[in-house]
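Working notes for the structure below.
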Amino acid sequence: MKTEMEKCLAGEWYDCHDPFFMDLKSKAHHLLMKYNSLPYEQKTEKYAVLKEMFGSIGANVSVGHSFICDYGCNIHIGDNVTVNTGCTFVDCNKITIGNNVLVAPNVQIYTATHPVEFNERLILTETLDGCKYVRRTFALPVMIEDGCWIGGGVILPGVTIGQKCVIGAGSVVTKDIPANSLAVGNPCRVIRKINQM
Numbered sequence: 017m018k019t020e021m022e023k024c025l026a027g028e029w030y031d032c033h034d035p036f037f038m039d040l041k042s043k044a045h046h047l048l049m050k051y052n053s054l055p056y057e058q059k060t061e062k063y064a065v066l067k068e069m070f071g072s073i074g075a076n077v078s079v080g081h082s083f084i085c086d087y088g089c090n091i092h093i094g095d096n097v098t099v100n101t102g103c104t105f106v107d108c109n110k111i112t113i114g115n116n117v118l119v120a121p122n123v124q125i126y127t128a129t130h131p132v133e134f135n136e137r138l139i140l141t142e143t144l145d146g147c148k149y150v151r152r153t154f155a156l157p158v159m160i161e162d163g164c165w166i167g168g169g170v171i172l173p174g175v176t177i178g179q180k181c182v183i184g185a186g187s188v189v190t191k192d193i194p195a196n197s198l199a200v201g202n203p204c205r206v207i208r209k210i211n212q213m
């Protein structure tokens, strides 16, 4: 039988209130409080907290103040990455950021989602204590490949942004963006290819 985390990472329905996830959230919350309270100049200490919190982190990584995430352990960041201020990563599933990526202020990356139909989203379930409503949740990974610049906006579950893309500020990325693209808007659309050397 799969654990709730295995179900989650497989993109299946999972119980987001399972004690395992509550422990992950608690650990991440305490690390985030520590991280966001450290002065800008204490880069060594800040990096050590990120290393403890994230699933993996490369060299020369900067994450701005007031960073928020769910679990932390599902975030994987490569080398030479800047995540600017006020970003939120809902990392119920994997968020993978490649090398040489710029993430603008207030970028929101979501992996968790729910069914649109009410009767699929909220299920009446029998328990030992009677009946209760359970919200169906599933999560899909997000991948940002090498060399991207992500302007302030939102990236939705299950999206891959190909290498060297530029995503315009204010965009809502709802589907994959092919490599070497300039994409903007809500929903985000490719407006032209980017010349590569």
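So the sequence shown is numbered by this note's numbering: it starts at 17 and just counts up by one. A virtual CB, placed ideally from N, CA and C, is assigned to each residue, including glycine.
Task: Alpha-carbon spacing of residue 33 relative to residue 209, whole angstroms - done: Mapped onto the sequence shown, residue 33 falls at position 17. Mapped onto the sequence shown, residue 209 falls at position 193. So the two alpha carbons sit approximately 43 Å from each other.
- [ ] Would you tell me roughly how many angstroms separate the C-alpha atoms of residue 42 and residue 152, rounded to the nearest one?
- [x] Indexing the sequence shown from 1 puts residue 42 at position 26. Indexing the sequence shown from 1 puts residue 152 at position 136. Straight-line measurement puts the Cα of residue 152 at about 22 Å from the Cα of residue 42.
Open item on the list: For a test of the three-state rule: what should DSSP assign to residue 53, helix, strand or coil?
Closed with: Here residue 53 refers to the residue found at position 37 when the sequence shown is read from its first residue. Reduced to three states, the DSSP call for residue 53 is helix.
Task: C-beta atoms of residue 94 and residue 125 nearer than 8 Å - done: To locate residue 94, count along the sequence shown from 1; it is residue 78. To locate residue 125, count along the sequence shown from 1; it is residue 109. Contact flag unset, no.
- [ ] Work out the CA separation of residue 98 and residue 119 for me, nearest whole Å.
- [x] Residue 119 sits at position 103 when you count from the first residue of the sequence shown. Residue 98 sits at position 82 when you count from the first residue of the sequence shown. Just so you know, the alpha carbons of residue 119 and residue 98 end up roughly 6 Å apart.
Task: Environment of residue 132 [buried if 16+ CB atoms lie within 10 Å] - done: Here residue 132 refers to the residue found at position 116 of the sequence shown. With fewer than 16 Cβ atoms within 10 Å of its Cβ, residue 132 is classed as exposed.
Task: In chain order, each beta strand (DSSP E) run of at least 3 residues that lies wholly inside the region 147-181 - done: Taking 3 residues as the minimum length, the beta strand (DSSP E) runs contained wholly in the region 147-181 are 158-160 and 169-171, in order along the chain.
Task: Assigned secondary structure, residue 42 (DSSP; H/G/I helix, E/B strand, else coil) - done: Here residue 42 refers to the residue found at position 26 of the sequence shown. Residue 42 falls in the helix class under three-state DSSP.
Task: Burial state of residue 147 (16 or more Cβ within 10 Å) - done: By 1-based counting over the sequence shown, the position of residue 147 is 131. Using a 10 angstroms sphere on the CB of residue 147, the tally of other CB atoms stays under 16, which defines it as exposed.
TODO: If I'm right that residue 172 touches residue 189 with Cβ under 8 Å, what's the distance once you round it to whole angstroms?
DONE: Translated into the one-based positions of the sequence shown, residue 172 becomes position 156. Translated into the one-based positions of the sequence shown, residue 189 becomes position 173. The Cβ separation is near 6 Å, so the contact holds.
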